[in-house]
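Data first, discussion second: the structure below is written as structure tokens.
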Amino acid sequence: MFDTPPASLPARPGVGYKPQHYADILSNPAPVGWLEIHAENYMGDGGRPLAQLRHLTERFPLSVHGVGLSIGGEGRLDPDHLARLKRLVGWSNPASFSEHLAWSTHDSQFLNDLLPLPYTAATLTRVADHIDEVQTALGRRMLLENPSSYLAFAQSEMSETEFLRALVQRTGCGLLLDVNNVFVSATNFGTSPQAYIDAFPLDAVGEIHLGGHDEDTDDDGRPLLIDSHGKPVVDPVWALLDYTLARSGPKPLLIEWDNDVPDWPVLAAEAARTADALARVPA
Amino acid sequence: MTGQSEFAAALLDPARATPPGLTDGSGAPTTRRYDVYRNNVTVSLADALESAFPVVRKLVGEAFFRAMAQVFVRAHPPRSPLMMFYGADMPGFLEGFAPVAKLPYLPDVARLELALRQSYHAADCVPLDPAALGQIAPERLGDVRFIFAPAVHLLRSDWPIHGIWRANMVDGSPAPAMQPETVLVTRPAYDPDIAPLDTQAATFVATLMSGEPLTAALEAARGGFDPGPVLGLLLTSGALTALTPGD
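These protein sequences, in sequence, are chains A and B.
Just so we're aligned, residue 592 is where the first sequence starts under this note's numbering, counting upward by one.
Just so we're aligned, residue 78 is where the second sequence starts under this note's numbering, counting upward by one.
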């Protein structure tokens, strides 16, 4: 039913859209070829946010990226939120819709963070059911993003890449590969980010995310990286992107910069580095 | 076995222990790693409140606001993923929050900030063409009722909320005089605007907003009231979207 290609975003640089960049993006977008928005910021009734988005969708391919659907939640999906999403996706007609392998709502309480879940047969069934429900409601294939992890669950029965691969097989969904999240999780668990990429179903990837992270330490003084989207992408993550693209081929690449958002030239320069990475991909 | 109830409950409650069954990836139990989520939740919700209530924040100070936000998010956690509408319970919370009892105007300042935010996200409307009024026969003018744009709010306060708002948001504004004020929030194009109304104009607009005709609004405003200036404000600010002539 949703066996269309993973996504129709162009394999070019994109950025997370911030309203303060509106005029700059319209007058001087290069090298950015598409934009991503957080769905929840465009669920008001009207006003400037929707007016800007309407205008931008006439100029750029759009990715609608949800942060509040709680696909990994134990409870059922919020029907009101799914209806809002359907309305937004309906009128903005994005090239891609994506959400996270995470939960954020419990007992109708919204916790405003991407919370982790154990990887078990039971959670696999639940997440697959939720993805089915979203894809049916939206009438399109969605992409699911790998999380950044700070802890693991003793009860997990499979690896994250096994879990994601099984979801793709069960639901036909695509994947959004966040290589910064891969680097953050691998550092936090002392595992190999390259091994994670090797195990990742790259054929299902419709988009790649890059962003900055913060550095902290855990209970034992070991490095604990925190996904913060408030800084430039670090060199090891750029290297991991090259490693990934060499195996996956060109993909749509997005710079996520959500906190301490810089002026447009700085963000555009960061996006230009993704263009360089695409240019290095072997033909 | 860690259920989401257990995981969620400790996020906003520092007195609760770290949920069991969480490890550092090698099997060792962890607290600091769980605390990353605790910190993310608390900080992101406090950030949302800060952007919603810049004037309240200025009035109580940054450090006090952050501490108060922690109390608020535990008492009133979000019920929706739309962070742009989080904090609707703030005025009521402030009314009962003893540490701010000496700032009795704070709840109404929060109401004004909520009204401005709601106005910013309200549905777009085509403003009423002032010429439409000219097409009403003079003897029927008193029967006219107006439809207001959803971006319009009228707030009456025992406190100078307009003066307080301006003094904190607009450089060079005078200190507010301690008097009751009524504020009209409108949204010409995309930026909400606020205007103080005197008692008569406030009653006039409130009566019109309740769906009563012009005659009733003029009677409510009482003698000597010239509706011209406030009608002009309503028309130029896009506050009115339609009129219905009387039967």
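Note that beta-carbon positions come from the ideal geometry of N, C-alpha and C, so glycine has one too.
query, result
"Residues of chain A with CB under 8 angstroms from residue 246(B), in chain order?", "Those do not exist, as residue 246(B) stays about 18 angstroms from chain A at its closest Cβ, beyond 8 angstroms."
"Let me see if you follow: with CB-CB separation under 8 angstroms, is residue 598(A) close to chain B or not?", "For residue 598(A), the predicted model reports a pLDDT of 48, less than 50, meaning its position is unreliable; a value from the coordinates is still stated below. Residue 598(A) does not count as touching chain B."
"Measuring only between beta-carbons, confirm whether residue 170(B) sits less than 8 angstroms from chain A.", "no"
"How about residue 820(A) and residue 855(A): are their beta carbons less than 8 angstroms apart?", "no"
"Can you tell which of 165(B), 145(B) and 195(B) has its C-alpha closest to the C-alpha of residue 175(B)?", "145(B)"
"Which residues, in order along the segment 611-640 of chain A, keep a beta-carbon less than 8 angstroms from a beta-carbon of chain B?", "631, 632, 634, 635, 636, 637, 638, 639 and 640"
"Consult DSSP for residue 727(A) and reduce its assignment to one of helix, strand or coil.", "helix"
"How should residue 733(A) be labelled, buried or exposed, when 16 other C-beta atoms within 10 angstroms of its C-beta is the threshold for buried?", "buried"
"Just to make sure I have the definition right: I need the residues of chain B whose C-beta is within less than 8 angstroms of the C-beta of residue 696(A). Which are they?", "158"
"When you compare only the Cα positions, how much space is there between residue 794(A) and residue 839(A)?", "7 angstroms"
"In this structure, how does DSSP classify residue 721(A) when only helix, strand and coil are distinguished?", "helix"
"Output yes if chain B places a C-beta closer than 8 angstroms to the C-beta of residue 672(A); else output no.", "yes"
"For chain A, check one thing: does any of its Cβ atoms lie closer than 8 angstroms to the Cβ of residue 123(B)?", "no"
"Please look up how many angstroms separate the CB atoms of residue 721(A) and residue 768(A), rounded, as I've assumed it's under 8 angstroms.", "No, residue 721(A) and residue 768(A) are not in contact; Cβ-Cβ is about 20 angstroms, not under 8 angstroms."
"How far does the alpha helix (DSSP H) with residue 706(A) in it extend, from its first residue to its last?", "Counting along the chain, residue 706(A) falls outside any alpha helix (DSSP H), though it belongs to the beta strand (DSSP E) covering 700-706."
"Give every residue of the same chain whose Cβ lies closer than 6 angstroms to the Cβ of residue 831(A), excluding the five residues on either side of it in the sequence, and list them in chain order.", "770, 774 and 784"
"Find out if the Cβ-Cβ distance for the pair residue 622(A), residue 868(A) is shorter than 8 angstroms.", "no"
"I want to verify the contact list: residues of chain B whose CB lies under 8 angstroms from the CB of residue 809(A), in sequence order.", "101, 107, 109 and 110"
"With DSSP collapsed to three states, give me the class of residue 594(A).", "Since pLDDT at residue 594(A) reaches only 48, below the 50 mark, its modelled position is unreliable, and no value is offered."
"Could you check whether residue 133(B) and residue 190(B) sit closer than 8 angstroms to each other, using their CB atoms as the reference points?", "yes"
"What are the residues that DSSP puts in a beta bridge with residue 236(B)?", "Residue 236(B) pairs with nothing; no bridge assigned."
"Return the first residue and the last residue of the beta strand (DSSP E) that residue 660(A) is part of.", "Unbroken run through residue 660(A): none, as it is neither H nor E."
"So within the segment 99-154 of chain B, which uninterrupted alpha helix (DSSP H) runs reach at least 4 residues, ignoring any that extend past its ends?", "109-129, 131-137 and 139-152"
"I want to see whether chain B comes within less than 8 angstroms of residue 595(A), judged by CB atoms only; does it?", "Interpretation of residue 595(A) is limited by its pLDDT of 48, a score under 50 that renders its predicted location unreliable; the figure taken from the coordinates is listed afterwards. It does not: the Cβ of residue 595(A) has no partner Cβ on chain B nearer than 8 angstroms."
"If distances are taken between C-alpha atoms only, which option among 615(A), 709(A) and 625(A) comes closest to residue 745(A)?", "709(A)"
"Can you round the beta-carbon distance between residue 272(B) and residue 310(B) to whole angstroms, since I take them to be within the 8 angstroms contact cut?", "6 angstroms"
"List in chain order: all unbroken beta strand (DSSP E) runs of 3+ residues lying wholly within the segment 756-812 of chain A.", "765-769, 796-802 and 804-808"
"Let me know if residue 697(A) comes out buried or exposed under the rule of 16 or more other beta-carbons within 10 Å of its beta-carbon.", "buried"
"Taking only beta-carbon atoms, is residue 722(A) less than 8 angstroms away from chain B?", "no"
"Quick one: is residue 125(B) buried, meaning 16 or more other Cβ sit within 10 Å of its Cβ, or exposed?", "buried"
"Can you give me the Cβ contacts of residue 644(A) inside the same chain, cut-off strictly under 7 angstroms, excluding the 5 residues immediately before and after it?", "628, 633 and 683"
"If the cut is a Cβ gap below 9 angstroms, which residues of chain A does residue 82(B) touch?", "665, 697 and 698"
"Roughly how many angstroms lie between the CA atoms of residue 117(B) and residue 262(B), to the nearest whole one?", "34 angstroms"
"Please state the DSSP three-state secondary structure of residue 711(A).", "coil"
"Does the CB of residue 712(A) have a neighbour CB from chain B at under 8 angstroms?", "no"
"In whole angstroms, give me the CA-to-CA distance for residue 199(B) and residue 264(B).", "9 angstroms"
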